[in-house]
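From first to last, the protein sequence lines are chains A and B. Start counting at 1 in the first sequence, then tack on 625, and there's your number in the working numbering. Start counting at 1 in the second sequence, then tack on 545, and there's your number in the working numbering. Here the structure is laid out as structure tokens; the discussion comes afterwards.
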Amino acid sequence: DQQVKQNSPSLSVQEGRISILNCDYTNSMFDYFLWYKKYPAEGPTFLISISSIKDKNEDGRFTVFLNKSAKHLSLHIVPSQPGDSAVYFCAAISSGSARQLTFGSGTQLTVLP
Amino acid sequence: DAGITQSPRYKITETGRQVTLMCHQTWSHSYMFWYRQDLGHGLRLIYYSAAADITDKGEVPDGYVVSRSKTENFPLTLESATRSQTSVYFCAGSAAFTGELFFGEGSRLTVL
């Protein structure tokens with residue numbers, strides 16, 4: 626049973642438009658959320674994070690929104706650029722002693738020029 | 546600054562063989578992790594280590610063994626490889642467990 630779900634395996638957007646990547650979670654003990662970006666033949670790289678005490682965190686073109694009541698977070702990329710084409714993984718950490726980073730299955734974003 | 550280095554990058558082996566994937570860090574991260582990436586599953590934690598000589602199981606540890614005699618090295622061994630262990634394996638490090646991990650480039654393992 627996946628605790629972190631990314632229900633869209635792929636997403637295509639036009640250059641300059643907004644990309645919205647979604648992530649749902651089931652474990653109410655998750656208290657910190659992250660997004661990673663992965664290019665082919667490379668390891669994932671950390672992109673942006675948000676604590677459960679916040680509902681928004683912004684870093685340049687990237688904004689993460691957290692809706693705790695819906696157990697949903699999203700990553701907005703504005704404006705999208707061709708270099709943003711990659712697989713994006715949502716991840717979460719649970720509070721308590723057994724802290725592990727749990728990843729979603731990823732969404733392949735393609736930004737079309 | 547290489548950060549996390551994994552070797553080999555590509556490996557083909559046969560069922561039943563022992564395989565060791567190496568992970569070396571040039572930093573002094575306390576935490577090190579092994580993940581496997583499979584289509585439809587994302588990244589799943591195999592084992593992690595909080596410090597030298599301290600290791601713990603992750604979500605999918607069966608069939609794998611790790612050791613951490615030195616802070617900079619964290620090898621992953623498949624004692625008797627199975628086809629289900631065909632995957633891309635990523636090693637990662639972190640100075641503190643914040644969730645912000647630094648990953649290596651991955652090792653693609655094929656078990657025939």
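No residue lacks a Cβ here, since even glycine has one placed at the ideal position from N, Cα and C. None of these values were measured; they are calculated from a predicted model.
DSSP beta-bridge partners for residue i?
i	result
Ile643 of chain A	Answer by DSSP bridge pairing: none, since Ile643 of chain A is not bridged.
Lys684 of chain A	It is worth fixing the name first, because residue 684 of chain A is Asp in this sequence and not Lys. Beta-bridge pairing links Asp684 of chain A to A:Phe687.
Tyr664 of chain A	DSSP output for Tyr664 of chain A lists no bridge partner at all.
Phe714 of chain A	A:Tyr661
What do you get for residue i, buried or exposed, if any count of 16 or more other CB atoms within 10 angstroms of its CB means buried?
i	result
Gln582 of chain B	buried
Tyr592 of chain B	buried
Ile535 of chain B	Absent from the model: residue 535 of chain B. The displayed extent of chain B is 546 to 657, so no value can be given.
Gly603 of chain B	buried
Taking only beta-carbon atoms, is residue i less than 9 angstroms away from chain B?
i	result
Ala716 of chain A	yes
Leu780 of chain A	With chain A covering only 626 through 738, there is no way to say anything about residue 780 of chain A.
Tyr650 of chain A	no
Leu700 of chain A	no
Ala711 of chain A	no
Does the beta carbon of residue i sit closer than 9 angstroms to a beta carbon anywhere in chain A?
i	result
His586 of chain B	yes
Thr571 of chain B	no
Ile549 of chain B	yes
Glu604 of chain B	yes
Thr643 of chain B	yes
Tyr593 of chain B	yes
Ala596 of chain B	no
My understanding is that residue i touches residue j, with C-beta atoms under 8 angstroms, so please give their C-beta distance in whole angstroms.
i	j	result
Cys715 of chain A	Leu726 of chain A	No, Cys715 of chain A and Leu726 of chain A are not in contact; Cβ-Cβ is about 11 angstroms, not under 8 angstroms.
Phe647 of chain B	Gly548 of chain B	6 angstroms
Ser614 of chain B	Gln551 of chain B	Their Cβ separation, rounded to whole angstroms, is 18 angstroms, which puts Ser614 of chain B and Gln551 of chain B out of contact at 8 angstroms.
Lys696 of chain A	Tyr661 of chain A	Rounded, the Cβ-Cβ distance is 19 angstroms, inconsistent with contact.
Ser653 of chain A	Gly644 of chain B	The Cβ separation is near 17 angstroms, so there is no contact.
*Which ranges would you report for the alpha helix (DSSP H) in the segment 571–632 of chain B if only whole runs of at least 4 residues count?*
Within the segment 571–632 of chain B, no complete alpha helix (DSSP H) run reaches 4 residues.
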